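Everything on this sheet refers to the single structure shown next.
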């Protein structure tokens, strides 16, 4: 074992290699690693965010769905009640109409009957007069026996 | 200087570096020349630079090009990111809130580079030295290489104390720099002189603290060197078993090789980690401004 200038030469070589590593090898490697580390962290963050927003969207979807269901049910109920109302309205109207028609028919019938009766009475009295005229044949004139005729007509 | 192969020469051959330096006759790599301090272990430095380049190349290749899609990492990038995360965790645990952009890349370089250098220990001990010897004998015609065995070539840089201490002292200088810039030169000087005995025994304090201070880089470098040197030594000794004439010793040698290699994988990784952890710890201590 002898110590000689190799020691100094090795110290210089060592310094040179360390300097090269320090300036050219280490920093790009380290910065590359840091950059990737950061990117992975960002990616994980983004994934978490996406997960959260998915959850939120699901919640929103469920809320909207139940709201829509409720609205639909309301609309159906409204429509039902409206329909039944329309039906009942129509029913009352129809009943009223029927009543009206009935009443008017009744009055018409009554007046027709009265008129027919009056007419009949008139015709009857004419027939009676004619018949009586024929029977009595000139014995009784209309002018003379007016009172009698009137009385008879009233009795009919 | 090829000689008869003995146990001694085999071991020595594996523990000697290819040393080049300046002599009176000019530059040479002759192992028997006198060179003094200003000489270099060419094999250690060569492998250390090659493996350092492998580290830089792999990590550069693992980084996706700018502007490309920054998607899930795969293959090589995964491995590189794993290393970086491991280093970042360690730095974070010791530095806490203190911001320092140099420490993590430094720790990464230390860890991966030393790991690669230690892993060279798992290459069979004779592989590369013999290959290098043959290549050298074939293509060079210098006087000191006559046969392949004449070339010494050590493959594991961390079994060379110059390499480990060189790195340890570079870290040491960095800790001094941060101690002065972060704490201020006054606080740093006070740390070295005003305890454990208070201001009336400053010389004693200084000597004690200095020992403590200098021991850090030396222990840092020698720990790595010692562990790997011992590991390499055991590989060499096990490899020696294959030279015995008995076939059973050879078989045992193979088995021991496997067992030791498996165990050594642990040491390889552990020592790289320890060097890195201590580097971070020493630098963290240089940033601490608390009073003792």
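Chains as they are written, first to last, in my numbering: chain A, 0 to 155; chain V, 16 to 307. From the three backbone atoms N, C-alpha and C, an ideal C-beta is built for every residue, glycine too. These figures come from a predicted structure and were not determined experimentally.
Under a CB-based cut-off of 8 Å, is residue 17 (chain V) close to chain A? Working through the second chain from its first residue, we reach residue 17 (chain V) at position 2. Bear in mind that the predicted position of residue 17 (chain V) carries a pLDDT of just 43, short of 50, making it too unreliable to give a figure here.
Determine, using beta carbons only, whether residue 110 (chain V) and residue 118 (chain V) come nearer to each other than 8 Å. Residue mapping note: residue 110 (chain V) aligns to position 95 of the second chain, counting from 1. Residue mapping note: residue 118 (chain V) aligns to position 103 of the second chain, counting from 1. Against a cut-off of 8 Å, the Cβ pair of residue 118 (chain V) and residue 110 (chain V) comes out as a contact.
Other residues of its chain near residue 292 (chain V): CB distance less than 7 Å, five sequence neighbours each side excluded: If you number the second chain from 1, residue 292 (chain V) lands on position 277. The beta carbon of residue 292 (chain V) sits closer than 7 Å to the beta carbons of 105 from its chain, once the five residues preceding and following it are set aside; these are given in chain order.
For residue 68 (chain V), does the count of other Cβ atoms within 10 angstroms reach 16, so buried, or fall short, so exposed? Counting from 1 along the second chain, the entry for residue 68 (chain V) is found at position 53. Exposed is the call here.
Distance between beta carbons of residue 304 (chain V) and residue 197 (chain V), contact taken as under 8 Å: Here residue 197 (chain V) refers to the residue found at position 182 when the second chain is read from its first residue. Here residue 304 (chain V) refers to the residue found at position 289 when the second chain is read from its first residue. About 7 Å separates the beta carbon of residue 197 (chain V) from that of residue 304 (chain V), a gap short enough to meet the 8 Å contact definition.
Could you tell me whether any Cβ in chain V is nearer than 8 Å to the Cβ of residue 29 (chain A)? Counting from one through the first chain, the residue named residue 29 (chain A) turns up at place 30. Using a CB distance cut-off of 8 Å, residue 29 (chain A) counts as an interface residue toward chain V.
Does any C-beta atom of chain V lie closer than 8 Å to the C-beta of residue 43 (chain A)? Position 44 of the first chain holds residue 43 (chain A). The C-beta of residue 43 (chain A) comes no closer than 8 Å to any C-beta of chain V.
Would a C-beta distance cut-off of 8 Å place residue 136 (chain V) and residue 278 (chain V) closer than the cut-off? If you number the second chain from 1, residue 136 (chain V) lands on position 121. If you number the second chain from 1, residue 278 (chain V) lands on position 263. Cβ atoms of residue 136 (chain V) and residue 278 (chain V): not closer than 8 Å.
Taking the beta carbon of residue 100 (chain V) as the centre, do at least 16 other beta carbons fall within 10 Å, making it buried, or is it exposed? Locating residue 100 (chain V) in the second chain gives position 85, counting from the first residue. Residue 100 (chain V) comes out exposed.
Simplified DSSP assignment, three categories, for residue 56 (chain V): Position 41 of the second chain holds residue 56 (chain V). Judged by DSSP in its simplified three-state form, residue 56 (chain V) adopts strand.
Within the 8 Å Cβ cut-off, does residue 175 (chain V) reach chain A? Within the second chain, the letter at position 160 stands for residue 175 (chain V). At a cut-off of 8 Å between beta carbons, residue 175 (chain V) contacts chain A.
Can you tell me the Cα-Cα spacing of residue 167 (chain V) and residue 144 (chain V), whole angstroms? Sequence index remark: in the second chain, residue 167 (chain V) carries index 152 (1-based). Sequence index remark: in the second chain, residue 144 (chain V) carries index 129 (1-based). The straight-line gap from Cα to Cα measures roughly 7 Å.
Contact between the segment 0 to 16 of chain A and the segment 43 to 58 of chain V (3+ Cβ pairs under 8 Å): The segment 43 to 58 of chain V and the segment 0 to 16 of chain A touch, with three or more beta-carbon pairs separated by less than 8 Å.
Would you list, in chain order, the members of the segment 60 to 91 of chain V that have their beta-carbon closer than 7 Å to a beta-carbon of chain A? Taken in chain order, the members of the segment 60 to 91 of chain V whose beta-carbon sits within less than 7 Å of a beta-carbon on chain A are 60, 63, 64, 67, 71, 74, 75, 78, 79 and 85.
Beta-carbon gap between residue 59 (chain A) and residue 78 (chain V) smaller than 8 Å: The count along the first chain starts at 1 and reaches residue 59 (chain A) at position 60. The count along the second chain starts at 1 and reaches residue 78 (chain V) at position 63. Taking 8 Å as the Cβ cut-off, residue 59 (chain A) and residue 78 (chain V) do not qualify as a contacting pair.
Buried or exposed, going by whether 16 or more other CB atoms sit within 10 Å of the CB of residue 148 (chain V)? Position 133 of the second chain holds residue 148 (chain V). The residue in question, residue 148 (chain V), is buried, as its Cβ has 16 or more Cβ neighbours within 10 Å.
Is the beta carbon of residue 17 (chain A) sitting closer than 8 Å to the one on residue 120 (chain V)? As a working mapping, residue 17 (chain A) is identified with position 18 in the first chain. As a working mapping, residue 120 (chain V) is identified with position 105 in the second chain. The Cβ atoms of residue 17 (chain A) and residue 120 (chain V) sit closer than 8 Å to each other.
Name, please, each residue of chain A whose Cβ falls closer than 9 Å to the Cβ of residue 243 (chain V). Counted from its first residue, the second chain places residue 243 (chain V) at position 228. Residues of chain A passing the Cβ test: none, with the nearest at roughly 13 Å.
Cβ atoms of residue 239 (chain V) and residue 129 (chain V): under 8 Å apart, would you say? On the second chain, position 114 is the one that residue 129 (chain V) refers to. On the second chain, position 224 is the one that residue 239 (chain V) refers to. Their beta carbons are under 8 Å apart, which means residue 129 (chain V) touches residue 239 (chain V) by this criterion.
Between which two residues does the alpha helix (DSSP H) carrying residue 268 (chain V) extend? On the second chain, residue 268 (chain V) is found 253 positions in, with the first residue counted as 1. In the DSSP annotation of this structure, the continuous segment of the alpha helix (DSSP H) that includes residue 268 (chain V) starts and ends at 262 to 302.
Buried versus exposed, by CB contacts within 10 Å (16 or more), residue 132 (chain V): Numbered from its first residue, the second chain carries residue 132 (chain V) at position 117. Burial call: buried.
Could you check the C-alpha separation between residue 95 (chain V) and residue 41 (chain V) for me, to the nearest Å? Here residue 95 (chain V) refers to the residue found at position 80 of the second chain. Here residue 41 (chain V) refers to the residue found at position 26 of the second chain. Using only the alpha carbons, I get a separation of about 45 Å.
Element boundaries [alpha helix (DSSP H), containing residue 102 (chain A)]: One-based indexing of the first chain puts residue 102 (chain A) at position 103. 25 to 135 is the extent of the alpha helix (DSSP H) around residue 102 (chain A).
Cβ shell of residue 102 (chain V) (< 8 Å), same chain only, five flanking positions each side left out: Numbered from 1 along the second chain, position 87 holds the residue referred to as residue 102 (chain V). Result list for residue 102 (chain V): 119, 122, 123, 126 and 291, in chain order.
Give a yes or no on contact between the segment 28 to 37 of chain V and the segment 125 to 139 of chain A, applying the rule of three or more CB pairs nearer than 8 Å. Touching, no.
Contact with chain A by residue 166 (chain V), beta-carbon distance below 8 Å: The residue labelled residue 166 (chain V) in the question sits at position 151 within the second chain. No, its Cβ sits nowhere closer than 8 Å to a Cβ of chain A.
Buried or exposed, going by whether 16 or more other CB atoms sit within 10 Å of the CB of residue 225 (chain V)? If you number the second chain from 1, residue 225 (chain V) lands on position 210. In the assembly as shown, residue 225 (chain V) is an exposed residue. Its beta-carbon has fewer than 16 other beta-carbons within 10 Å.
Below 8 Å CB to CB, which residues in the same chain sit around residue 163 (chain V) once its five sequence neighbours on both sides are set aside? Start at 1 with the first residue of the second chain, and residue 163 (chain V) comes out as number 148. Closer than 8 Å at Cβ, skipping near neighbours: 145, 148, 149, 151 and 152.
Check whether the Cβ of residue 25 (chain A) lies closer than 8 Å to any Cβ atom in chain V. If you number the first chain from 1, residue 25 (chain A) lands on position 26. Chain V contact via Cβ: present.
At a CB distance below 8 Å, what residues from the segment 244 to 260 of chain V approach chain A? Give them in sequence order. Cβ contacts with chain A: none found.
Check for me: the alpha helix (DSSP H) holding residue 161 (chain V) runs from which residue to which? For the purposes of this step, residue 161 (chain V) is taken as residue 146 along the second chain, with counting starting at 1. Taken as a continuous stretch (DSSP letters only), residue 161 (chain V) belongs to no alpha helix (DSSP H), as it is neither H nor E.
List, in chain order, every chain V residue whose beta-carbon is nearer than 7 Å to that of residue 9 (chain A). Locating residue 9 (chain A) in the first chain gives position 10, counting from the first residue. For residue 9 (chain A), the C-beta contacts it makes with chain V under 7 Å involve 60, 63, 177, 178, 181 and 182, in order along the chain.
Using a threshold of 8 Å, state whether the C-beta atoms of residue 234 (chain V) and residue 9 (chain A) are closer than that. In the second chain, the residue the question calls residue 234 (chain V) occupies position 219. In the first chain, the residue the question calls residue 9 (chain A) occupies position 10. Contact flag unset, no.
When the cut-off is 8 Å and only beta carbons count, does residue 159 (chain V) lie next to chain A? Walking along the second chain from the start, residue 159 (chain V) turns up at place 144. No, residue 159 (chain V) does not count as interfacial toward chain A.
Give me the chain A residues within the contact set of residue 54 (chain V), using Cβ-Cβ distance strictly less than 7 Å, ordered along the chain. Here residue 54 (chain V) corresponds to residue number 39 of the second chain, with the count starting at 1. Residues of chain A with a Cβ closer than 7 Å to the Cβ of residue 54 (chain V) are, in chain order, 3 and 4.
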